[in-house]
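Here the structure is laid out as structure tokens; the discussion comes afterwards.
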Amino acid sequence: MVFLCKIFNMSFLSKLFREQSNVKNITAASLKQFINSHTKLKLIDVRSTAEHNRQNIKGSINIDVFDSNFEDLCETKVNINEPVLLYCRSGQRSMTAARKLEKMGYKDIYNLKGGMIAWSRL
3 MVFLCKIFNM
13 SFLSKLFREQ
23 SNVKNITAAS
33 LKQFINSHTK
43 LKLIDVRSTA
53 EHNRQNIKGS
63 INIDVFDSNF
73 EDLCETKVNI
83 NEPVLLYCRS
93 GQRSMTAARK
103 LEKMGYKDIY
113 NLKGGMIAWS
123 RL
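Mind the numbering: the sequence shown is residues 3 to 124 in this note's numbering, read in order.
And the structure:
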């Protein structure tokens, strides 16, 4: 019984925190239309510079999520009041970056579900 209560509490807390997030996942197919309808959308590739140089989404800027100056770079290159879309190879690093932006006060944050893997399949 105690075990079931712990599982319920973990599930409940996980759901509670997930619902409070400003981060929205978007599919690669939806992103194509989204880019055309959101002229102020800032595309950020959070991968390494080498990865970005190999392949990227046209119009994106590169800010490596693991750069020690990630937050400072975002503050200077990304308007906190405009929508921002983050992407990486698979969607994991971009979600890490999204959480950082959320803590900084950004409200309109999108994460490319499946990252460049999904984008390159279009």
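Quick reminder that beta carbons are idealized off the backbone N, C-alpha and C, glycines included. Computed from a predicted structure; not experimentally measured.
Query raised in the report: Tell me which same chain residues have a C-beta within less than 6 Å of the C-beta of LEU45, skipping the five on either side of it?
Result: Translated into positions along the sequence shown, residue 45 becomes position 43. Hits under 6 Å: ILE59, GLY61, SER62, LEU87.
Query raised in the report: For the beta strand (DSSP E) that contains ASP110, what are its first and last residues?
Result: Taking the sequence shown and counting its residues from 1, one reaches residue 110 at position 108. In this chain, ASP110 is not harboured by any beta strand (DSSP E), its DSSP state being neither H nor E.
**Report entry** alpha helix (DSSP H) segment containing LYS44, residue limits
**Finding:** To locate residue 44, count along the sequence shown from 1; it is residue 42. Going by DSSP, LYS44 is part of no alpha helix (DSSP H) but of the beta strand (DSSP E) stretching over 44-47.
Report task. Excluding the 5 residues preceding and the 5 following VAL25 in the sequence, name in chain order all residues of the same chain whose CB lies nearer than 8 Å to its CB. Result -> Counting from one through the sequence shown, the residue named residue 25 turns up at place 23. Contacts found: MET97, ALA100, ARG101, GLU104, ILE111, TYR112, ASN113.
Query raised in the report: In terms of alpha-carbon separation, which member of ASN38, GLU53, VAL67 lies closest to ILE119?
Result: Along the sequence shown, read from residue 1 onward, the residue named residue 119 stands at position 117. For the residues ASN38, GLU53, VAL67, the minimum Cα distance to ILE119 belongs to GLU53.
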